[in-house]
Amino acid sequence: MSARTPAAQVLPSALPAHVAIIMDGNGRWASSQGLPREQGHRRGADAVRAVVRAAREIGIRALTLYAFSAQNWSRPGAEVGHLMDLLRTFLIDERAEILARGIRLVSIGDEARLPPLVRLPLRALVRASARNRGMTLCLALSYGGREAIVAAACKLARAVSDGRLRPEDITETLIDGTLDTRALPPVDLLIRTSGEQRLSNFLLWEGAYAELYFTPVLWPDFDRCELENALAAFARRERRYGRFVK
Ligand code: FPP
Numbered sequence: 014m015s016a017r018t019p020a021a022q023v024l025p026s027a028l029p030a031h032v033a034i035i036m037d038g039n040g041r042w043a044s045s046q047g048l049p050r051e052q053g054h055r056r057g058a059d060a061v062r063a064v065v066r067a068a069r070e071i072g073i074r075a076l077t078l079y080a081f082s083a084q085n086w087s088r089p090g091a092e093v094g095h096l097m098d099l100l101r102t103f104l105i106d107e108r109a110e111i112l113a114r115g116i117r118l119v120s121i122g123d124e125a126r127l128p129p130l131v132r133l134p135l136r137a138l139v140r141a142s143a144r145n146r147g148m149t150l151c152l153a154l155s156y157g158g159r160e161a162i163v164a165a166a167c168k169l170a171r172a173v174s175d176g177r178l179r180p181e182d183i184t185e186t187l188i189d190g191t192l193d194t195r196a197l198p199p200v201d202l203l204i205r206t207s208g209e210q211r212l213s214n215f216l217l218w219e220g221a222y223a224e225l226y227f228t229p230v231l232w233p234d235f236d237r238c239e240l241e242n243a244l245a246a247f248a249r250r251e252r253r254y255g256r257f258v259k
């Protein structure tokens with residue numbers, strides 16, 4: 014297989030079930046074009062549309078996008094407001110296509126912190142798409158991996174203190190089933206754009222055995238071809254899960 018084998022040639026059995034993406038570099042893309050940061054986010058939202066469509070067509074079962082982290086609330090108010098507007102526009106404008114393509118929308122993160130202008134269309138589309146089986150699109154919104162683990166630990170601690178659970182019954186499977194990602198397969202491939210090589214508090218538990226793929230491409234420039242490159246690289250990886258393989 015060449016370094017540029019397109020995903021169309023990757024056997025379905027070699028495709029990752031769950032792809033997660035840290036969409037980074039909107040601001041740098043905007044500066045490189047001499048544009049305000051908001052334009053970078055706007056073009057980033059266009060890239061989201063293209064990548065969701067491509068993932069669905071290629072046959073990815075689950076796609077999780079890090080759209081707004083728990084830490085992103087500390088950005089300037091105007092930027093946060095602009096990102097919320099883009100999320101709302103996405104949820105409203107893409108609703109028909111998401112439903113027509115059989116995509117199930119879910120979200121992870123602190124939904125209660127989202128403004129109603131995002132929360133309401135989000136909830137409505139999650140509900141309307143709940144029976145779809147084509148692909149699960151998971152938006153990580155006001156999300157942090159540590160925060161998610163803390164929330165799961167609190168739930169389990171409450172169950173122990175109420176006498177519904179014994180500490181010795183806490184297993185990996187139980188923790189898996191307590192996290193909001195419980196309906197998703199484990200993350201197989203985690204992509205980060207813009208050349209940064211960090212996890213930035215994304216899917217810390219779920220990505221324990223994820224293959225990491227870092228690309229210098231800035232998120233607004235990430236398209237179907239870039240996704241196919243990542244999938245082809247994944248197909249060439251040997252996954253050992255700590256086992257000895259001769
Ligand atoms: C990182 O770029 C990106 C974000 C903080 C937000 C991601 C949001 C989008 C792609 C657009 C809206 C999303 C949806 C789902 C419609 P950055 O601003 O940190 O870039 P920089 O590191 O170059 O400054």
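Numbered continuously in this note's numbering, the sequence shown closes out at residue 259. For each residue, glycine too, the CB sits at the ideal point set by N, CA and C. What you are looking at is a predicted structure, and each value in this text was computed from that prediction instead of being measured.
Between which two residues does the beta strand (DSSP E) containing residue i stretch?
i, result
"residue 153", "148-156"
"residue 117", "116-121"
"residue 33", "31-35"
Apart from the five residues on each side of it in sequence, which residues of its chain come closer than 7 angstroms, Cβ to Cβ, to residue i?
i, result
"residue 246", "226"
"residue 105", "134"
"residue 147", "69, 114, 115, 116"
"residue 58", "99, 103"
"residue 180", "173"
For residue i, does the count of other Cβ atoms within 10 angstroms reach 16, so buried, or fall short, so exposed?
i, result
"residue 142", "buried"
"residue 16", "In this predicted model, residue 16 has a pLDDT of only 49, less than 50, meaning its place in the structure is not dependable enough to derive any value."
"residue 177", "exposed"
"residue 253", "exposed"
"residue 37", "buried"
"residue 222", "exposed"
"residue 107", "buried"
"residue 238", "exposed"
"residue 161", "buried"
"residue 220", "buried"
"residue 149", "buried"
"residue 255", "exposed"
Mind checking who residue i pairs with in its DSSP beta bridge?
i, result
"residue 254", "Its beta-bridge partners do not exist; DSSP assigns none."
Going by beta carbon distance, what residues of the same chain come within less than 8 angstroms of residue i, once the five residues before and after it are set aside?
i, result
"residue 41", "53, 207, 231"
"residue 82", "153, 155, 156, 157, 213, 214, 215"
"residue 258", "251"
"residue 175", "none"
Counting only the same chain and skipping the five closest in sequence on each side, list residues whose C-beta sits under 6 angstroms from that of residue i.
i, result
"residue 100", "131"
Between which two residues does the alpha helix (DSSP H) holding residue i run?
i, result
"residue 131", "129-141"
"residue 244", "237-249"
"residue 107", "No alpha helix (DSSP H) holds residue 107; DSSP gives it neither H nor E."
* Length at least 3, wholly inside the stretch 182-230: the beta strand (DSSP E) runs in chain order -> 202-205, 224-227
* At which residue ranges does the stretch 44-95 contain complete beta strand (DSSP E) runs of 3 or more residues, listed in the order of the chain? -> 75-82
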